[in-house]
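Be aware that the sequence shown starts at 24, since it is given in this note's numbering, and climbs by one per residue. Note that the Cβ used here is the ideal one computed from N, Cα and C, for glycine as well. Take a look at the structure set out below.
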Amino acid sequence: MKTNQERGNSDGAATEVKLFKFAGALYDLDQIFKESESVFLNTPRRKVFRYENTVFKFGADVSPFEAKALQFMGDINGVPVPRLYCYDFVGQLREILEKMRQYKSAGSAIGGIHGGPAVDARRLKRKGGPFTTEEQFNEFLRSGMITTAPKIYRTMLER
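Laid out in structure tokens, this is it:
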């Protein structure tokens, strides 16, 4: 059985260069979407479109399992599948968050930048704090939660 890599790719270098031009703009897939020639699907939770010679698929309903299934099928000799270029923006997000977590604030309070209040953007940008303990901060996040929400969701913030 040959993998996609073993089958070779005569245009691999050209493809990498072409995709590199998208790399800076991948943070703004909506802009690439607006410039696309063909739109195959356009819903609030999923977009599939072609831009030049590349098909993009993104949105809240796009599962990484689709990419894994495509890779698996591509590794089976004789099954032609589209080449997968990228499917994991979560890795980039993890890297960004790790760098942000390296920053240590000057004080010990939990809150906004420069010792200001924390902002809970989930609820009309409600402000609170700064807080002296993590427990106080978590209580701020939980306060006002709908008490009829399943307990598993309410306790997720307690960890």
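Less than 9 Å between the C-beta atoms of residue i and residue j, yes or no?
{"i": "D84", "j": "R73", "result": "no"}
{"i": "L52", "j": "F81", "result": "yes"}
{"i": "L93", "j": "V104", "result": "yes"}
{"i": "A129", "j": "G138", "result": "yes"}
{"i": "K150", "j": "A141", "result": "yes"}
Taking the alpha-carbon of residue i as reference, which of the options has the nearest alpha-carbon?
{"i": "G152", "options": "F163, K174, R146", "result": "F163"}
{"i": "C109", "options": "Q159, A90, I99", "result": "A90"}
Report buried or exposed for residue i, applying the criterion of at least 16 other Cβ atoms within 10 angstroms of its Cβ.
{"i": "S166", "result": "exposed"}
{"i": "S59", "result": "buried"}
{"i": "A48", "result": "Caution applies to A48, whose pLDDT of 48 falls short of 50 and renders its modelled position unreliable; the model cannot decide the point."}
{"i": "F63", "result": "exposed"}
{"i": "F95", "result": "exposed"}
{"i": "N32", "result": "Since pLDDT at N32 reaches only 42, below the 50 mark, its modelled position is unreliable, and the value read off the structure follows with that caveat. By the 10 Å Cβ count, N32 comes out exposed."}
Would you kindly report the start and end of the unbroken beta strand (DSSP E) that includes residue i?
{"i": "F79", "result": "77-81"}
Measuring only the C-alpha atoms, how far is residue i from residue j?
{"i": "Q54", "j": "E118", "result": "24 Å"}
{"i": "T156", "j": "S131", "result": "9 Å"}
{"i": "I175", "j": "K148", "result": "25 Å"}
For the alpha helix (DSSP H) holding residue i, just list the boundary residues, first then last.
{"i": "N161", "result": "157-165"}
{"i": "F88", "result": "87-97"}
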